[in-house]
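Numbering (the working numbering), first residue to last: -14 to 674.
We treat Cβ as the ideally placed atom computed from N, Cα and C, and that holds for glycine.
Note that the coordinates shown come from a computational prediction; the quantities given were computed from them, not determined experimentally.
Below is one structure, written out as structure tokens; the observations come after it.
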Ligand code: GLA
């Protein structure tokens, strides 16, 4: 089943909170949803205090009534388990369920996600509410699936309650078997950190200089992820046992959680909450051109978990919390644009957040489709347009999948290790962002994939090119897989700091780039972090391509020493004491080739490499589009749909060299065509002629 949602057509849904509104509104709400082609609601994910108002006393009537009414209107229901918001009676009576900060101060009632995953009491109470809830609703004809909890690790993704320290010790005993091997793995001989009793072991606690043992810090993140997954398992086991015909999902993605593993083990598919405007709250100038379009990268990541997925929350108005999130309104057309952004990247079930803006509470400025006054507005009209379009094209698009020949690859260990480790962590974002952005601007569809222990050669061979920019932690097994990939014809592109650490995060006693030095045919003879007064060296391009003059090698400069005769130097440093030394190399191996760059990628270097390896857009031959338009293709079994999305507030001029048609409007597209601001086109590429 490849972890995908199974939909026959693109379907619209909406998050609905009947508990926020007088009952008299419900029926009118459902009637209007149907008018807008909204046929699914998600609800109840924060309703524990209603479902179990007093410990051990359950009341399921309220949501039963809502579901009956929804059913009358042909509306299907997704229920969220309510464990993200424990009631006041619960945390008051059992404070051990609360999460704590690193100093051990408890997070108290009044927000959400203030509990920990480790407390046996919390797991017991969650088991009871979820079991009762599933048994109460499992036979309701409107119910189609379950969302476990809500956004695991959102708001906070570190846990330091007493129960967490205890659970961490148990997890470590399982992983290492003995204190002796734990001491080795964490290098505790350094600074006399050696543990002589398990009771001395804790998750990171306040330290001088705020500098925890780095190997402990990495294990802490692995533990948090494993713990969140085992917390989710408790719930998915209950749902599987009592409601086997319903699907199970969870909405993410957040830090310190291996969402791939969570999905593989305990879900039917993954869901994502898409709020593109987050990227516009405090844009840095370098991000400016990408902005809401940067969200496509998050959607690409989601697609690597579930090729077809659900967006459980799609932004449908300006987002706002009373005290910390403040956004301008989406411009006319933007909600529709963002909806199709989600669809392009693999969404088949699109659920808006939320039906109507709350009139009270922390999120009373998080605007939904309807305003407080509940009168028609432009957001309602825009969503209704999407609803109408889905009914027109939805059965064609559903089940098709995004097509990409190039992947940017990452992995959880390096992402987590890089949070603390300033010597490689920041390089990752610099390179991934530059690659994703330049590929986007050139209309070359790209995947963002995660390398995992279970990956096989065939998973990598789906791609002609893989950019795996800064895998500091790398094993010989991974290097062997990458070597096979290159030998079989893949083009592999690596960057600075590759392969100098083992899985514990210790530095190898071998020349950089460690396990892939042989594959690349190089070693690193000297290196420097680029920071402050240590300026980046300039580059001089030696290949056929062109590099913008003055381009610097950013982030880190490794001076490459060529070992194999067949290594081609593609760029040299052109300043600093290592001027004239290799900065970028390429080596043909088997049917493929491997590139090694001694720095982090910036836009001009990405452009030059793309030119060198002759990556092209799949629509280059018949369509010219400006950079502000995103282009991507969803296809399956011969059917193929090109999406064009204009993120700009100005018209975008397209040049068609062949004749095409827009599926949404039926418009004929030939010669010059002006896409309106925030416009969307979907083209059946088999009908282009
Ligand atoms: C998240 C949550 C929702 C809501 C929105 C808006 O995605 O899942 O409950 O809080 O953000 O803040």
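Query                                                                                                               : Result
Continuous beta strand (DSSP E) assignments of at least 3 residues falling wholly in the region 228 to 314          : 232 to 237, 254 to 259 and 294 to 300
Residue 543: CB within 6 Å of a non-hydrogen atom of the ligand GLA                                                 : no
Burial state of residue 543 (16 or more Cβ within 10 Å)                                                             : buried
Sequence-distant residues of the same chain with beta carbon closer than 7 Å to residue 370, five excluded per side : 321
7 Å Cβ cutoff met for residue 395 and residue 435                                                                   : yes
Residue 374 CB to nearest heavy atom of the ligand GLA below 6 Å                                                    : no
Residues near residue 223 by beta carbon distance below 8 Å, same chain, minus five either side                     : 112, 115, 116 and 119
Residue 459 (DSSP reduced to helix, strand or coil)                                                                 : coil
Helix, strand or coil at residue 486 [DSSP, three-state]                                                            : strand
Enclosing beta strand (DSSP E) for residue 554 [first to last residue]                                              : 552 to 558
The region 140 to 148 in contact with the region 95 to 102 per 3-pair CB rule at 8 Å                                : yes
beta-carbon residue 510 near the ligand GLA non-hydrogen atom, thresh 6 Å                                           : no
Run of the beta strand (DSSP E) containing residue 322, from where it starts to where it stops                      : From DSSP, residue 322 is part of no beta strand (DSSP E) but of the alpha helix (DSSP H) over 319 to 329.
Where the alpha helix (DSSP H) through residue 414 begins and ends                                                  : 410 to 426
Identity of the residue in 375, 246 and 445 nearest residue 391 by Cα                                               : 445
Alpha carbon of residue 477 to alpha carbon of residue 295, nearest angstrom                                        : 31 Å
Rounded distance between the beta-carbons of residue 306 and residue 257, thought under 8 Å                         : 20 Å between Cβ atoms; not a contact.
Own chain residues within Cβ distance below 6 Å of residue 500, not counting five before or after                   : 459, 461, 464 and 484
DSSP beta-bridge partners of residue 660                                                                            : 637
Whole runs of the alpha helix (DSSP H) within the region 16 to 43, excluding any shorter than 4 residues            : 33 to 36
6 Å Cβ shell around residue 537 - same chain, five flanking residues per side excluded                              : 521 and 523
Element boundaries [beta strand (DSSP E), containing residue 632]                                                   : Looking at the DSSP string, residue 632 is not in any beta strand (DSSP E), and its letter there is neither H nor E.
Three-state secondary structure (DSSP) of residue -7                                                                : coil
Among 169, 353, 643 and 290, nearest to residue 675 - alpha-carbon criterion                                        : The chain is shown from -14 up to 674; residue 675 falls before or after that span and cannot be answered.
Residue 12 beta carbon near the ligand GLA (any heavy atom closer than 6 Å)                                         : no
Sub-7 Å separation of residue 559 and residue 569 beta-carbons                                                      : no
Own chain residues within Cβ distance below 7 Å of residue 406, not counting five before or after                   : 199
Beta-carbon proximity check, residue 191 vs residue 44, cutoff 7 Å                                                  : no
Residue -11 and residue 291 closer than 7 Å at C-beta                                                               : yes
Option nearest residue 684 by Cα separation, candidates 245, 253, 217 and 227                                       : No statement about residue 684 is possible, as the shown extent of the chain runs from -14 to 674 and does not include it.
Pairwise C-alpha distance: residue 279 and residue 422                                                              : 8 Å
Collapsed DSSP secondary structure at residue 499 in the structure displayed                                        : helix
Residue from 481, 666 and 531 with nearest C-alpha to residue 626                                                   : 666
Extent of the continuous alpha helix (DSSP H) run through residue 172                                               : Per DSSP, residue 172 belongs to no alpha helix (DSSP H) and is neither H nor E.
Close Cβ partners of residue 376 (< 6 Å) along its chain, the five nearest in sequence each way excluded            : 22
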